[in-house]
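One structure is given below, encoded as structure tokens.
Number of protein chains: 2
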Amino acid sequence: MRSQRACRIGSSIVDGVSFSDRLAALCGEKRSHVCIGLDPLPERLPAAVRSADDPIFEFNRRIVDATIDVTPVYKPNLAFYEALGVDGLRSLVRTVEHIGHRAIVLGDAKRGDIDSTAVAYARAMFEAFGFGACTINVYQGHDAAAPFLAYRDRGVFILCRTSNRTGGDVQDAIVDGRPLWEHLARRAVEWNQHGNCSLVVGATYPDELGRVRELAPGLPILIPGVGAQGGDGRTAARKARGGPFVVNSSRGIIYASSGDDFAEAARRAAIELRDQALLEPAAR
Amino acid sequence: MRSQRACRIGSSIVDGVSFSDRLAALCGEKRSHVCIGLDPLPERLPAAVRSADDPIFEFNRRIVDATIDVTPVYKPNLAFYEALGVDGLRSLVRTVEHIGHRAIVLGDAKRGDIDSTAVAYARAMFEAFGFGACTINVYQGHDAAAPFLAYRDRGVFILCRTSNRTGGDVQDAIVDGRPLWEHLARRAVEWNQHGNCSLVVGATYPDELGRVRELAPGLPILIPGVGAQGGDGRTAARKARGGPFVVNSSRGIIYASSGDDFAEAARRAAIELRDQALLEPAAR
Numbered sequence: 001m002r003s004q005r006a007c008r009i010g011s012s013i014v015d016g017v018s019f020s021d022r023l024a025a026l027c028g029e030k031r032s033h034v035c036i037g038l039d040p041l042p043e044r045l046p047a048a049v050r051s052a053d054d055p056i057f058e059f060n061r062r063i064v065d066a067t068i069d070v071t072p073v074y075k076p077n078l079a080f081y082e083a084l085g086v087d088g089l090r091s092l093v094r095t096v097e098h099i100g101h102r103a104i105v106l107g108d109a110k111r112g113d114i115d116s117t118a119v120a121y122a123r124a125m126f127e128a129f130g131f132g133a134c135t136i137n138v139y140q141g142h143d144a145a146a147p148f149l150a151y152r153d154r155g156v157f158i159l160c161r162t163s164n165r166t167g168g169d170v171q172d173a174i175v176d177g178r179p180l181w182e183h184l185a186r187r188a189v190e191w192n193q194h195g196n197c198s199l200v201v202g203a204t205y206p207d208e209l210g211r212v213r214e215l216a217p218g219l220p221i222l223i224p225g226v227g228a229q230g231g232d233g234r235t236a237a238r239k240a241r242g243g244p245f246v247v248n249s250s251r252g253i254i255y256a257s258s259g260d261d262f263a264e265a266a267r268r269a270a271i272e273l274r275d276q277a278l279l280e281p282a283a284r
Numbered sequence: 285m286r287s288q289r290a291c292r293i294g295s296s297i298v299d300g301v302s303f304s305d306r307l308a309a310l311c312g313e314k315r316s317h318v319c320i321g322l323d324p325l326p327e328r329l330p331a332a333v334r335s336a337d338d339p340i341f342e343f344n345r346r347i348v349d350a351t352i353d354v355t356p357v358y359k360p361n362l363a364f365y366e367a368l369g370v371d372g373l374r375s376l377v378r379t380v381e382h383i384g385h386r387a388i389v390l391g392d393a394k395r396g397d398i399d400s401t402a403v404a405y406a407r408a409m410f411e412a413f414g415f416g417a418c419t420i421n422v423y424q425g426h427d428a429a430a431p432f433l434a435y436r437d438r439g440v441f442i443l444c445r446t447s448n449r450t451g452g453d454v455q456d457a458i459v460d461g462r463p464l465w466e467h468l469a470r471r472a473v474e475w476n477q478h479g480n481c482s483l484v485v486g487a488t489y490p491d492e493l494g495r496v497r498e499l500a501p502g503l504p505i506l507i508p509g510v511g512a513q514g515g516d517g518r519t520a521a522r523k524a525r526g527g528p529f530v531v532n533s534s535r536g537i538i539y540a541s542s543g544d545d546f547a548e549a550a551r552r553a554a555i556e557l558r559d560q561a562l563l564e565p566a567a568r
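Protein sequence lines, in the order shown, are assigned to chains W and P.
Using my numbering, the letters of the first sequence map in sequence onto residues 1 to 284.
Using my numbering, the letters of the second sequence map in sequence onto residues 285 to 568.
Have a look at this one:
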């Protein structure tokens, strides 16, 4: 195993506790299954942060600080930072550092490659950016997953059933009489040697979500697609019960208000999602 | 269409000429189908560049300058730069700028997402990094391709049949009685409204490569997997004829020598690949 000495760690590491158990414990502690997508667009930043030295970081910082007690997982999607070039990626690194050990930072990167390149991507996600977890795309099969899964303490979320409609172009292909997304859920269970192999299933496909939970009882599931994309948080939580899960909302939370009260509005939206996605009534 | 005014362009743009025609013309001018993978690893850099201000850029610069007349396409894989964090990405941007209009810079990113995120990734690849082309992964179907294809003058290479063995996990799934990779080659032809939709097929699967060329006669094909991965450049070129193509080698060229003659050795290796992949004898 790679030494951890050179790593910046975006989430707390407890020796001997699997990623799956750590996620479950964090959701328990915070009594929340909320994942907030930190996907900033410069043109949508509120006036209050535009004059900051690093407006993207400042926007993220205020949202994080307003929501940290109800949010076990933050999920920056790398696309929004890369679109701003090197400066955007610097804002991302600052965001990961700012969250620190207070939550899991899940780098939504959907990386997928083979061989020494997959090794380099895993190093990028877990060492250079310091994410506690990331999403991957396994179009190239197990080769695309193995170098990520070798980081035993980090969560590796494999795209299984995505929230969009045209995903069927690929995901409804048939393997041994079953759809590809189902095949991958089964493969993920085989690949899960360290309690860190996890899955992504869209809230927009509740039946498929229930089926994935059946096939992969203990695997963490990241559930995007509530809010702007039309999925329902309550249904998603009901389908995903029986193992660790988080329900993501990005735009519905971070742009809950376009005014200078954006952080308070984000907190209210996060609490609303928390209450929907809890399987028992929550105390505020 | 998005305005081009804010773009740094990694490859020359000629109004009204499709990406496919531009690639074919460049291969014709240089009498070469060589693509060089610029995948630098700090631990493999020759002593001659280690003391430079930006060793990664210096390594790339010398290789590019030694090979530019025989190389229509350079393909940096983003993994190797991301693994070095923000500094690595700065070296990448400098590399793209250094190549400028002298070749097509194909960002091997294998990005794939949906909705506003796919739009952000396309902007990242074609505007922030300034690539003339990039690779994408369409596990999410057409949604993952559309925002890239909307940049009419840029090449969009869809992962079809990857060069590795475990790709079959996913790519051998069946759609309408045919393997997924074949299905995607057909879809790519439908999606090709601007002469910029392109495919990736590994040299390690020559029969599949021939089949893809049959199904997608005019589409550019990027062929990885020669050299270190065991594919044969001559066979690949024979199978891919009938449309634009480039054959990629990364380690076989950039690490042809570990000494201070690395750039000259890269040139010799590139010329060897050029001669293999030419469909007619080349003049040196």
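All C-beta atoms, glycine included, are put in the ideal place defined by N, C-alpha and C.
Buried/exposed call for residue i, threshold 16 Cβ in 10 Å
i	result
Q477/P	exposed
W492/P	The sequence shown places Glu at residue 492/P, not Trp. Result: buried.
S20/W	buried
G88/W	buried
G543/P	exposed
G312/P	exposed
P217/W	exposed
D437/P	buried
G16/W	exposed
R5/W	Low confidence applies here, because R5/W scores a pLDDT of 33, under 50, leaving its location unreliable and the question unanswered by this model.
I555/P	buried
L563/P	exposed
R334/P	exposed
R284/W	Only weak support exists for where R284/W lies, its pLDDT of 40 falling under 50; the value from the coordinates is given anyway. The residue in question, R284/W, is exposed, as its Cβ has fewer than 16 Cβ neighbours within 10 Å.
A331/P	exposed
D176/W	exposed
E498/P	exposed
G294/P	Note on G294/P: pLDDT 38, under 50, position unreliable in the model; the coordinate value appears next. G294/P should be labelled buried.
Boundaries of the beta strand (DSSP E) in which residue i is found, first to last residue
i	result
A417/P	417 to 420
N532/P	529 to 533
G155/W	155 to 161
S198/W	197 to 201
G107/W	104 to 111
Y74/W	73 to 75
V318/P	318 to 322
L433/P	Not the beta strand (DSSP E): L433/P falls in the alpha helix (DSSP H), residues 426 to 433.
L222/W	221 to 223
Listed by chain order, chain W residues near residue i by CB distance under 7 Å
i	result
D338/P	The contacting residues do not exist; D338/P stays about 13 Å from chain W at best.
I267/P	Residue 267/P lies beyond the range of chain P shown here (285 to 568); nothing can be said about it.
L235/P	Past the boundaries of the shown model lies residue 235/P; chain P is included only from 285 to 568, so the question cannot be answered.
L373/P	V86, L89
Host alpha helix (DSSP H) of residue i (start-end)
i	result
S375/P	369 to 383
R268/W	262 to 277
R61/W	55 to 67
V189/W	180 to 191
V212/W	206 to 215
G312/P	303 to 314
V49/W	47 to 50
F80/W	78 to 82
D399/P	399 to 407
R238/W	233 to 240
D453/P	452 to 455
Chain W residues whose Cβ lies nearer than 8 Å to that of residue i
i	result
F364/P	T117, A120
L464/P	V170, A173, L180
H426/P	T166, D169
Under 7 Å by beta carbon: chain P residues contacting residue i
i	result
R187/W	D453
D261/W	Those do not exist, as D261/W stays about 23 Å from chain P at its closest Cβ, beyond 7 Å.
Partners in chain P for residue i, counting only beta-carbon separations shorter than 8 Å
i	result
R123/W	A367
L159/W	Y423, Q424
N77/W	D397, T401, A404
Proximal chain P residues relative to residue i, where beta-carbon distance stays under 9 Å
i	result
V93/W	G369, V370
N60/W	Here the premise fails: no neighbours, minimum Cβ distance about 15 Å.
9 Å Cβ cut-off: residues of chain W touching residue i
i	result
N480/P	Simply none; closest approach about 19 Å.
>> Closer than 8 Å is the cut-off here; do at least three beta carbon pairs connect the segment 534 to 550 of chain P with the segment 339 to 357 of chain P?
In response: yes
> Quick check: the segment 349 to 359 of chain P against the segment 405 to 412 of chain P, are there 3 or more CB pairs under 8 Å?
Replying inline: no
>> If contact is defined by three or more beta carbon pairs under 8 Å, each pair taking one atom from either stretch, is the segment 225 to 243 of chain W in contact with the segment 176 to 183 of chain W?
In response: no
> Should the segment 504 to 512 of chain P be called in touch with the segment 527 to 534 of chain P, which here means at least 3 C-beta pairs below 8 Å?
Replying inline: yes
> On the three-pair Cβ rule with 8 Å, is the segment 424 to 431 of chain P touching the segment 271 to 278 of chain W?
Replying inline: no
> Just checking, does the segment 158 to 170 of chain W make contact with the segment 196 to 207 of chain W on the three C-beta pairs under 8 Å criterion?
Replying inline: yes
>> Under 7 Å, CB to CB, which of the residues in the segment 227 to 255 of chain W have a partner in chain C?
In response: Of the protein chains in this structure, namely W and P, none is chain C.
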